Each structure stands twice: as C-alpha cells, then as structure tokens.
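Anchor point for the sequence shown: position 103 equals 104 in the numbering used here, and the numbering is continuous, going up by one each time.
Each remark here refers to the structure printed beneath this line.
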Amino acid sequence: MVKINTCVFISGKGSNLRRLILNSNKYNFPIKIKLVVCSNKKAEGLKLAKKWSIPCLILNNKQSFSENKVLIKLKFHKIDLILLAGYMKILSKRFIRSFGKSIINIHPSLLPKFKGLNTFERVLKKKEKKTGCTVHFVNEKLDAGKIILRKFFFIEKEDNVSSLKKKTQNLEYNAFSEAIIRVVK
Ligand code: GAR
C-alpha cells in the first residue's frame with residue numbers, strides 16, 4: 002500500500018504518538034511517520050521517536066525562526082500530512098498557509114465545547130454529563146476546524162481530573178487512527 006508521508010508534532014508524553022507508530026508499522030495502515038517535531042526538549046515522547054529511529058526536530062522558543070526550519074524539514078521529508086498529537090503550541094496562520102496540506106489535531110473534549118486548555122477542570126466545573134475527544138482538521142482558528150470524529154463517555158460521580166484524563170486518552174488512541182483512515186481512504 003502507498004502510505005502518506007506524515008509528520009507528528011508532540012510536546013509531552015507521546016502516548017498518542019506511540020499508538021500512531023505501532024499502527025503505522027502495520028502494512029494496511031495508510032501513513033508512514035517520517036518525522037517528529039517536538040516543542041519541548043525534555044518531552045518523554047522523544048524517547049519513542051529515538052526507539053523507532055524516526056528523525057526528530059526539537060524547536061526552540063523563537064516561533065518564526067522555528068517554523069521556517071520546520072517547513073524546510075517538511076519539504077525535505079516530502080510530508081503530506083501533519084498530526085498534532087498533544088502539541089501544546091499554536092501554529093501561526095503563516096505556517097498553516099505555507100504548509101498548505103492537511104493538518105489534523107486531537108483535542109481532549111467534545112468540540113465545539115471546551116476549546117483551549119484545562120478541559121477536564123472546566124468539564125467538571127460545568128457539571129457536564131459526558132465528555133470525550135475530538136479529531137478535527139486544523140484551520141486558522143483555535144480548535145475550530147472541521148470535525149472528523151468524536152468519541153464520548155458518560156461522567157461518573159467519582160470522576161476527577163485524572164480519571165477523566167485517563168478515560169479520554171483511552172478513547173483518543175483509537176479515535177485518532179480511525180479518523181486518519183476516514184480521511185485518507
Ligand atoms: C492528549 O490527551 C491530547 O488530547 C492533548 O494532549 C494530550 C497529549 O498526550 N492535546 C491538547 O490538549 C491539545 N490542545 P500524549 O502526549 O500522551 O499523547
């Protein structure tokens with residue numbers, strides 16, 4: 002199968018990256034991860050890239066300089082798809098336009114509810130009945146691009162921030178891969 006050259010952006014633990022790598026190693030999963038971009042040199046997820054010998058680009062704080070560097074690397078690796086898997090920085094409009102191909106993000110809430118950060122705290126405060134994750138295309142507005150899919154669960158009385166995070170992330174792993182298959186096939 003012809004696989005799409007893909008770059009995954011991370012900032013932290015990389016548990017979504019781990020699942021994406023494992024799936025991409027299967028012959029019938031439609032992406033090949035050619036590059037990892039990371040906004041944090043101490044991110045645990047970098048170890049995964051190293052383990053699987055995936056080239057990594059670690060960004061410093063100067064955004065425009067870094068974004069130019071990323072665009073050059075994306076071209077070099079002939080990247081056609083970017084996946085934001087826990088990338089905690091906002092991509093500039095210029096970057097999104099310059100890349101010009103699909104960028105997909107996973108977000109830990111049922112968008113359009115709870116865009117931005119600290120989703121679990123806000124979900125609990127608002128006494129929501131359910132929550133979950135959303136996979137969506139990235140556009141120039143924060144967490145507002147076209148939704149590809151959502152998965153949800155019902156919140157229980159005992160739930161707290163860490164249990165919601167765990168339950169949400171367990172949904173994310175399949176959601177991200179399902180969304181990729183939906184978009185690519
Ligand atoms: C994921 O839960 C993802 O939804 C969230 O960061 C986590 C990364 O976990 N993304 C955002 O909050 C983006 N605004 P991971 O590094 O273990 O994959």
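For every residue, glycine included, the Cβ atom is placed at its ideal position computed from N, Cα and C.
All values reported here derive from a predicted model rather than from experimental measurement.
State the DSSP-derived secondary structure class of residue i, mapped to helix, strand or coil.
i: G133; result: strand
i: L23; result: helix
i: N41; result: coil
i: F115; result: coil
i: N106; result: strand
i: F138; result: strand
i: K33; result: strand
i: V1; result: Lying before the first or after the last residue shown, residue 1 is absent from the chain, which here runs from 2 to 186.
i: N6; result: strand
i: L60; result: coil
i: L92; result: coil
i: I83; result: strand
i: I11; result: strand
i: K127; result: coil
i: G46; result: helix
Please classify residue i as buried or exposed, where buried requires at least 16 neighbouring CB atoms within 10 angstroms.
i: V162; result: exposed
i: G133; result: buried
i: E159; result: exposed
i: E122; result: exposed
i: S110; result: buried
i: I91; result: exposed
For residue i, which residues from the same chain have a beta carbon less than 8 Å from its beta carbon, with the 5 sequence-adjacent residues on both sides left out?
i: S25; result: K4, T7, I32, K33, I34
i: V71; result: V38, L58, L60, F96
i: K51; result: C57
Taking 7 Å as the limit between beta carbons, can you name the residues of its chain near residue i, skipping five residues before and five after?
i: L150; result: V136, A176, E179, A180, R183
i: G46; result: I11, G13, K14, G15, L18, C39
i: Q170; result: S16
i: Q64; result: S93
i: K152; result: G133, C134, L172, A176
Do residue i and residue j have their C-beta atoms closer together than 9 Å?
i: I80; j: K102; result: yes
i: K114; j: L143; result: no
i: I156; j: V124; result: yes
i: K131; j: F100; result: no
i: F66; j: I104; result: no
i: I83; j: V185; result: no
i: L85; j: I107; result: yes
Tell me which residues share the same chain as residue i and place their Cβ nearer than 6 Å to its Cβ, disregarding the 5 neighbours each side in the sequence.
i: R20; result: Y174
i: N41; result: S12
i: L49; result: G15, L18, R19
Could you check whether the Cβ of residue i sits closer than 8 Å to any heavy atom belonging to ligand 2?
i: D144; result: As far as ligands go, the structure on display features ligand 1 and does not contain ligand 2.
Pick out the complete beta strand (DSSP E) segments inside the region 135-174, 3 residues or longer, and give them in chain order. Restricting attention to beta strand (DSSP E) runs no shorter than 3 residues, the region 135-174 encloses them at 148-155, ordered along the chain.
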